[in-house]
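Trainee: Below is a structure I'd like to ask you about.
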Amino acid sequence: MAKIERAQKLFLKSLKEKFAGDIAGTKTGYYNFDNLNQSARKKEFIAAGKKIEAKRGVSMYDPYRCHLGGLPMGQRQLMTYEISGTGTFVEGDDLHFVNNPAMQQMWDDIRRTVIVGMDLAHNTLQKRLGKEITPETISEYLHIVNHAMPGAAVVQEHMVETHPSVVDDCYVKVFTGDSELADSIEKQFVLDINKLFPAKQAEALQAEVGKALWQAIHIPTIVSRTCDGGTTSRWSAMQIGMSFITAYRMCAGEAAVADLSYAAKHAGVIQMANHLPARRARGPNEPGGIIFGDFSDMIQANRKYPNDPCRASLEQVAAGAMLFDQIWLGSYMSGGVGFTQYATAAYTDNILDEFTYYGMDYIKDKYKVDWQNPNTKDKIKPTQDIVNDIGTEVTLNGMEQYEQFPTMLEDHFGGSQRASVLAAAAGLTASIATGNSNAGLNSWYLSMLLHKDGWSRLGFFGYDLQDQCGSTNSLSFRSDEGCIGEFRGPNYPNYAMNVGHQGEYAAIAGSAHWGRGDAFALSPLIKITFADPSLPFDFSEPRKMFAKGALREFEAAGERTLLMPAK
Amino acid sequence: MAYTPQYGPGTSVVSENRRKQMNPKLAFEKMRDVNDSDIVLLLGHRAPGSAYPTAHPPLAEQGEPDCPIRKIVAPTGGAAAGDRVRYIQLVDSMQNAPCHPYQRTYVECYRYRGIDPGTLSGRQIVECRERDLEKISEDLINTNLFDPARTSLRGATVHGHSLRLAEDGMMFDMLQRCVLDGGTVKYVKNQIGEPLDKKVDVGKMMDDAWLKANTTIFHSLVGTPFRDDAEYIEYVQRIHSLRTKYGFMPVE
Chain A
1 MAKIERAQKL FLKSLKEKFA GDIAGTKTGY YNFDNLNQSA RKKEFIAAGK KIEAKRGVSM
61 YDPYRCHLGG LPMGQRQLMT YEISGTGTFV EGDDLHFVNN PAMQQMWDDI RRTVIVGMDL
121 AHNTLQKRLG KEITPETISE YLHIVNHAMP GAAVVQEHMV ETHPSVVDDC YVKVFTGDSE
181 LADSIEKQFV LDINKLFPAK QAEALQAEVG KALWQAIHIP TIVSRTCDGG TTSRWSAMQI
241 GMSFITAYRM CAGEAAVADL SYAAKHAGVI QMANHLPARR ARGPNEPGGI IFGDFSDMIQ
301 ANRKYPNDPC RASLEQVAAG AMLFDQIWLG SYMSGGVGFT QYATAAYTDN ILDEFTYYGM
361 DYIKDKYKVD WQNPNTKDKI KPTQDIVNDI GTEVTLNGME QYEQFPTMLE DHFGGSQRAS
421 VLAAAAGLTA SIATGNSNAG LNSWYLSMLL HKDGWSRLGF FGYDLQDQCG STNSLSFRSD
481 EGCIGEFRGP NYPNYAMNVG HQGEYAAIAG SAHWGRGDAF ALSPLIKITF ADPSLPFDFS
541 EPRKMFAKGA LREFEAAGER TLLMPAK
Chain B
1 MAYTPQYGPG TSVVSENRRK QMNPKLAFEK MRDVNDSDIV LLLGHRAPGS AYPTAHPPLA
61 EQGEPDCPIR KIVAPTGGAA AGDRVRYIQL VDSMQNAPCH PYQRTYVECY RYRGIDPGTL
121 SGRQIVECRE RDLEKISEDL INTNLFDPAR TSLRGATVHG HSLRLAEDGM MFDMLQRCVL
181 DGGTVKYVKN QIGEPLDKKV DVGKMMDDAW LKANTTIFHS LVGTPFRDDA EYIEYVQRIH
241 SLRTKYGFMP VE
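Protein sequence lines correspond, in order, to chains A and B.
Heads up: the first sequence begins at 1 in the working numbering, then just goes up one per residue.
Heads up: the second sequence begins at 1 in the working numbering, then just goes up one per residue.
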């Protein structure tokens with residue numbers, strides 16, 4: 001390894017905006033910031049808490065009494081954060097998923113989605129019942145299913161139905177690799193691969209999907225929120241069955257209906273997440289069951305930025321940190337509220353961005369990887385020596401940046417924040433350079449060991465346990481010890497415990513493919529489904545969406561204000 | 001052949017300092033003299049002079065089972081007396097504090113018995129029987145493992161290890177448990193943040209030159225760059241490579 005020069009430091013603007021004075025200085029003033037009054041958001045919380053207390057007669061938000069027995073936060077500067085790559089500065093509180101509707105919607109849009117094949121059902125209808133299937137009948141079915149899926153009746157008399165305005169985010173579209181078939185179905189129902197993806201990616205996706213016809217189904221946000229992810233395939237299958245009955249004039253009780261149900265509920269359904277073992281007690285379509293390769297395909301930044309695998313990976317880190325750290329581990333699993341502070345380090349203030357783009361410069365300079373022209377030809381052979389070289393240089397550079405800019409060390413004031421960021425930069429760089437996700441993981445674990453020995457500190461007990469034993473499992477493929485990166489997931493042994501890893505691991509799996517210029521990482525079906533511009537959350541720009549949420553400009557689905565007294 | 005501990009690799013002053021601190025054959029350098037009573041005040045577990053609260057009767061009185069391990073391992077003083085298990089937790093500034101979390105844990109594991117250290121990024125806790133703890137705490141506070149400004153006792157609300165120093169050279173502590181007062185650092189609160197009836201003077205802060213020469217952290221701005229210790233980096237890479245290869249194909 002050898003340090004290379006990189007004049008552009010992406011974090012400088014953020015640090016200058018956040019911290020007054022010399023951002024490279026080692027000393028500053030404290031205890032004079034007027035504690036919580038320095039933060040507009042905290043002041044808003046205090047005012048809101050008082051109002052609520054007066055209304056309900058039970059005390060609530062009261063930091064001047066409850067925080068450290070009367071000493072509120074804000075003895076140092078309560079920093080704002082720039083959401084990386086957006087130029088938008090927000091308060092940390094605005095990045096808690098409870099305060100950010102865009103974050104909620106990202107998860108809602110995943111949880112309420114299933115992909116269901118139509119070919120099994122069409123076979124049943126054609127071969128068993130002798131029905132004719134044509135583009136016209138498919139379009140008619142799609143009309144009916146888009147009426148029924150949100151919760152409207154199609155067969156029976158005198159049925160209750162859902163109000164369209166509270167389920168307006170629910171719909172069904174279809175996609176196929178067969179351009180002729182796609183062109184013959186009503187446009188409003190078709191995810192047009194040619195229009196949504198760059199030509200090379202579209203070609204690869206169409207070849208993978210072939211002549212099969214798939215439904216991308218999004219049940220109402222309000223339903224999956226009230227029930228759970230396991231509801232999605234059930235709700236969807238019920239409406240699919242009723243729609244087939246209507247569209248093809250079937251008998252509601254005939255035995256063939258069971259075939260359609262079986263196809264929609266089991267044989268032809270792709271869940272977004274596997275169900276988890278009993279000790280974690282979650283059904284399908286809950287975050288712990290999303291394998292990293294599939295998550296890589298939910299995030300669409302490689303479609304939008306095909307010539308910047310680094311940007312594509314950083315967007316995925318942000319989305320993964322939010323979903324796996326803030327929502328999955330932070331709330332589902334631990335029940336805490338503090339995980340946001342750890343997780344946001346990976347997608348704020350352009351720090352991980354700078355470290356990773358340094359890695360891009362390094363692999364271009366030393367290994368001649370033309371990372372801005374992603375391809376399979378110039379990938380480096382993932383030998384141990386090369387992974388060690390890349391992982392070491394990227395980690396040392398990051399550590400030196402923290403040292404040279406004490407305000408950056410102050411920004412990432414917890415060791416686990418720094419560990420995630422340093423190791424992510426090392427892992428993403430090795431992954432993009434080699435096109436091999438396990439090489440990326442291996443680089444991550446080397447980074448952790450270097451960090452621990454260089455600074456004699458790492459994360460915290462639970463955080464770095466997996467990192468201190470991670471080298472050993474990074475290239476193991478024995479059951480219960482290792483796996484290809486794309487098939488690992490949040491419930492993978494050792495990964496199921498703590499914050500600041502899973503979003504980054506997921507991005508390391510994805511980045512191996514974005515570095516190769518692949519159209520998808522693991523599932524072409526999921527990649528196409530989440531390219532849909534009708535989804536409330538834009539999966540090609542997670543960070544921009546989070547910024548919109550923080551600025552209170554994002555309109556989430558599943559609103560029920562229509563059904564309540566106006567305020 | 002008997003194993004001879006090497007206490008870690010490296011050719012830099014940081015590596016050498018780490019080895020010196022870990023090696024139990026080398027005595028710590030005595031730097032200050034905070035007395036027993038003041039250490040008890042700082043810890044905040046019992047009042048100075050009061051009896052040690054116990055978790056169980058003295059081992060000699062409670063009828064130990066016939067156990068071969070108990071015959072091999074002599075209990076520490078605190079264990080023999082039945083003391084409670086209590087803690088000291090120290091926060092180490094990344095700006096050249098003399099000791100750092102993992103280093104502190106290694107030091108304690110090489111030098112003390114009957115301890116339970118926990119290692120985080122800014123702080124390190126060690127738990128043990130109370131009278132044993134007070135003895136260990138004397139070492140941790142009165143020797144070259146400690147700097148009054150950049151090492152600090154903090155039971156909770158530990159935030160500060162990676163922040164810039166305050167203008168007076170002190171590490172940030174939102175509870176301001178200790179303050180620079182008349183040229184020396186004085187604790188006005190115990191480690192958990194309860195106000196003390198009397199200030200406990202832990203002496204003058206060490207100067208930058210001493211800290212740079214005695215620290216155990218690599219730091220490219222205020223100390224020794226990690227990159228400059230090639231032997232150390234090669235060692236970490238070697239450990240990582242061996243672990244990786246064994247995980248892939250677990251054969252000798």
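A virtual CB, placed ideally from N, CA and C, is assigned to each residue, including glycine.
Nothing here was measured: the structure is a model prediction, and the numbers come from that model.
When the cut-off is 9 Å and only beta carbons count, does Lys20 (chain B) lie next to chain A?
Mentor: Walking along the second sequence from the start, residue 20 (chain B) turns up at place 20. Not one chain A Cβ lies under 9 Å of Lys20 (chain B).
Trainee: Taking buried to mean at least 16 other C-beta atoms within 10 Å of its own C-beta, is Arg65 (chain A) buried or exposed?
Mentor: By one-based count along the first sequence, residue 65 (chain A) stands at place 65. So Arg65 (chain A) counts as exposed.
Trainee: On the three-pair Cβ rule with 8 Å, is the stretch 409-424 of chain A touching the stretch 366-380 of chain A?
Mentor: Because the criterion of three Cβ pairs below 8 Å is not met, the stretch 409-424 of chain A and the stretch 366-380 of chain A do not touch.
Trainee: Classify Pro53 (chain B): buried if its beta carbon has 16 or more other beta carbons within 10 angstroms, exposed otherwise.
Mentor: Along the second sequence, read from residue 1 onward, the residue named residue 53 (chain B) stands at position 53. With fewer than 16 other Cβ atoms within 10 Å, it is exposed.
Trainee: Counting only beta-carbon separations shorter than 9 Å, does Ala301 (chain A) have a partner in chain B?
Mentor: Mapped onto the first sequence, residue 301 (chain A) falls at position 301. No, because no Cβ of chain B sits closer than 9 Å to the Cβ of Ala301 (chain A).
Trainee: Just the Cα atoms here: how many angstroms apart are Ser474 (chain A) and Lys30 (chain B)?
Mentor: In the first sequence, residue 474 (chain A) corresponds to position 474, counting from 1. In the second sequence, residue 30 (chain B) corresponds to position 30, counting from 1. Distance between the alpha carbons of Ser474 (chain A) and Lys30 (chain B) is about 45 Å.
Trainee: Listed in chain order, which residues of the stretch 372-388 of chain A have Cβ atoms closer than 8 Å to some Cβ of chain B?
Mentor: Answer set for the stretch 372-388 of chain A: Gln384, Asn388.
Trainee: For Arg41 (chain A), which residues from the same chain have a beta carbon less than 6 Å from its beta carbon, with the 5 sequence-adjacent residues on both sides left out?
Mentor: Here residue 41 (chain A) refers to the residue found at position 41 of the first sequence. Once the five neighbours on either side are set aside, the close Cβ partners of Arg41 (chain A) are Glu91, Asp93.
Trainee: So Phe413 (chain A) contacts chain B; which residues on that side make the cut at Cβ distance below 9 Å?
Mentor: For the purposes of this step, residue 413 (chain A) is taken as residue 413 along the first sequence, with counting starting at 1. Within chain B, the residues near Phe413 (chain A) are Gly122, His159, Gly160, His161, Ser162, Leu163.
Trainee: List the residues of chain B that Lys27 (chain A) touches, going by C-beta distances under 9 Å, in chain order.
Mentor: Counted from its first residue, the first sequence places residue 27 (chain A) at position 27. Result: Arg164, Leu165, Ala166, Glu167, Asp168, Gly169.
Trainee: Excluding the five sequence neighbours on either side, which residues of its own chain have a C-beta within less than 7 Å of the C-beta of Asn146 (chain A), listed in chain order?
Mentor: Reading the first sequence from its first residue, position 146 is the one you call residue 146 (chain A). Only Tyr171, Val172 meet the Cβ criterion.
Trainee: Measuring straight from C-alpha to C-alpha, what distance separates Lys189 (chain B) and Thr340 (chain A)?
Mentor: For this step, residue 189 (chain B) is matched to residue 189 along the second sequence. For this step, residue 340 (chain A) is matched to residue 340 along the first sequence. Answer to the nearest angstrom: the Cα atoms are 31 Å apart.
Trainee: What number of angstroms, rounded off, separates the C-alpha of Glu354 (chain A) from the C-alpha of Pro150 (chain A)?
Mentor: In the first sequence, counting from the first residue as 1, residue 354 (chain A) sits at position 354. In the first sequence, counting from the first residue as 1, residue 150 (chain A) sits at position 150. Whole-angstrom Cα-Cα distance: 44 Å.
Trainee: Leaving out five residues on either side along the sequence, give the residues of the same chain with a beta carbon under 6 Å from the beta carbon of Gln466 (chain A).
Mentor: Sequence index remark: in the first sequence, residue 466 (chain A) carries index 466 (1-based). So the qualifying residues of the chain are Asn494.
Trainee: Is any heavy atom of the ligand SAM found at a distance shorter than 8 Å from the C-beta of Ser471 (chain A)?
Mentor: Only the bare structure without any ligand can be found here, which leaves the ligand SAM out of the picture.
Trainee: For Gly461 (chain A), return the contacting residues in chain B, with the cut-off set at a CB-CB distance below 8 Å.
Mentor: Working through the first sequence from its first residue, we reach residue 461 (chain A) at position 461. Note on identity: in this sequence residue 461 (chain A) is Phe, with Gly being the wrong assignment. Near Phe461 (chain A) (Cβ distances below 8 Å), the residues of chain B are Gly118, Thr119, Leu120.
Trainee: Could you work out which residues of chain B lie near Ser474 (chain A), taking near to mean beta carbons separated by less than 8 Å?
Mentor: Within the first sequence, numbered from 1, the residue matching residue 474 (chain A) stands at position 474. Simply Thr244, Gly247.
Trainee: Along the chain, where does the alpha helix (DSSP H) containing Ala244 (chain A) start, and where does it finish?
Mentor: Residue 244 (chain A) sits at position 244 when you count from the first residue of the first sequence. Per the sequence shown, the amino acid found at residue 244 (chain A) is Phe instead of Ala. First-last of the alpha helix (DSSP H) with Phe244 (chain A): 229-247.
Trainee: Taking its Cβ as the centre, do 16 or more other Cβ atoms sit within 10 Å of Ser50 (chain B), making it buried, or is it exposed?
Mentor: As a position in the second sequence, residue 50 (chain B) is number 50, starting the count at 1. Looking at its Cβ environment, which holds fewer than 16 other Cβ atoms inside 10 Å, Ser50 (chain B) is exposed.
Trainee: Would you tell me roughly how many angstroms separate the C-alpha atoms of Ile4 (chain A) and Tyr362 (chain A), rounded to the nearest one?
Mentor: Looking up residue 4 (chain A) in the first sequence gives position 4. Looking up residue 362 (chain A) in the first sequence gives position 362. So the alpha carbons of these two residues sit roughly 7 Å apart.
Trainee: Can you say whether Ala7 (chain A) is buried or exposed, counting buried as having 16 or more other CB atoms within 10 angstroms of its CB?
Mentor: Translated into the one-based positions of the first sequence, residue 7 (chain A) becomes position 7. Exposed, since its Cβ has fewer than 16 Cβ neighbours within 10 Å.
Trainee: Name the chain A residues that come within less than 8 Å of Arg227 (chain B), Cβ to Cβ?
Mentor: As a first step, residue 227 (chain B) must be located in the second sequence, where it is residue number 227. In chain order: Lys3, Leu396, Glu400.
Trainee: Within 10 angstroms of the Cβ of Cys128 (chain B), are there 16 or more other Cβ atoms? Answer buried if so, exposed if not.
Mentor: Along the second sequence, one-based indexing puts residue 128 (chain B) at 128. Flag for Cys128 (chain B) reads buried.
Trainee: Between B:Pro65, B:Arg111, B:Arg131, which lies nearest to Arg84 (chain B) when the distance is taken from Cα to Cα?
Mentor: On the second sequence, position 84 is the one that residue 84 (chain B) refers to. Out of B:Pro65, B:Arg111, B:Arg131, B:Arg131 has the C-alpha closest to the C-alpha of Arg84 (chain B).
Trainee: Any idea what DSSP makes of Ala166 (chain B), helix, strand or coil?
Mentor: By one-based count along the second sequence, residue 166 (chain B) stands at place 166. Strand, per DSSP.
Trainee: Can you confirm whether the stretch 228-246 of chain A touches the stretch 76-89 of chain A when touching is taken to mean that 3 or more C-beta pairs between the two stretches lie within less than 8 Å?
Mentor: Output reads no: the stretch 228-246 of chain A does not touch the stretch 76-89 of chain A.
Trainee: For Trp371 (chain A), name the three-state secondary structure that DSSP assigns.
Mentor: The count along the first sequence starts at 1 and reaches residue 371 (chain A) at position 371. Coil at Trp371 (chain A), not helix or strand.
Trainee: Got a sec: which bits of the stretch 438-455 of chain A sit with their beta carbon under 8 Å from any beta carbon on chain B, in order along the chain?
Mentor: Within the stretch 438-455 of chain A, the qualifying residues are Asn442, Tyr445, Leu446, Leu449, Leu450, Lys452, Asp453, Gly454, Trp455.
Trainee: For Leu71 (chain A), go through chain B and note every residue whose CB falls closer than 8 Å to its CB, in chain order.
Mentor: Here residue 71 (chain A) refers to the residue found at position 71 of the first sequence. Under the 8 Å cutoff, chain B gives Met174, Leu175.
Trainee: Below 8 Å on the Cβ atoms is my contact criterion, and I expect Ala423 (chain A) with Ser447 (chain A) to pass it. Report the Cβ-Cβ distance as a whole number of Å.
Mentor: Residue numbering aside, residue 423 (chain A) sits at position 423 when the first sequence is read from its first letter. Residue numbering aside, residue 447 (chain A) sits at position 447 when the first sequence is read from its first letter. Their Cβ separation, rounded to whole angstroms, is 4 Å, which keeps Ala423 (chain A) and Ser447 (chain A) in contact under 8 Å.
Trainee: In or out: Asn17 (chain B) buried (at least 16 other Cβ within 10 Å) or exposed?
Mentor: Here the question's residue 17 (chain B) lines up with position 17 in the second sequence. Result: buried.
Trainee: Name the chain A residues that come within less than 7 Å of Leu221 (chain B), Cβ to Cβ?
Mentor: Taking the second sequence and counting its residues from 1, the one referred to as residue 221 (chain B) is at position 221. Result: Glu403, Gln404.
Trainee: Per the DSSP calculation, Val421 (chain A) is bridged to which residue(s)?
Mentor: Taking the first sequence and counting its residues from 1, the one referred to as residue 421 (chain A) is at position 421. Its beta-bridge partners do not exist; DSSP assigns none.
Trainee: Can you find the residues in the same chain that come closer than 7 Å, C-beta to C-beta, to Leu42 (chain B), ignoring five residues on each side of it along the sequence?
Mentor: For this step, residue 42 (chain B) is matched to residue 42 along the second sequence. Excluding positions up to five away in sequence, the list reads Leu153, Tyr187, Asn190, Gln191, Val200.
Trainee: Residues in the same chain with beta-carbon distance under 6 Å from Ser139 (chain A), minus the five sequence neighbours each way, listed in chain order, please.
Mentor: If you number the first sequence from 1, residue 139 (chain A) lands on position 139. Excluding positions up to five away in sequence, the list reads Ile185, Glu186.
Trainee: Can you tell me which of the three DSSP states Phe175 (chain A) falls into?
Mentor: On the first sequence, position 175 is the one that residue 175 (chain A) refers to. Strand.
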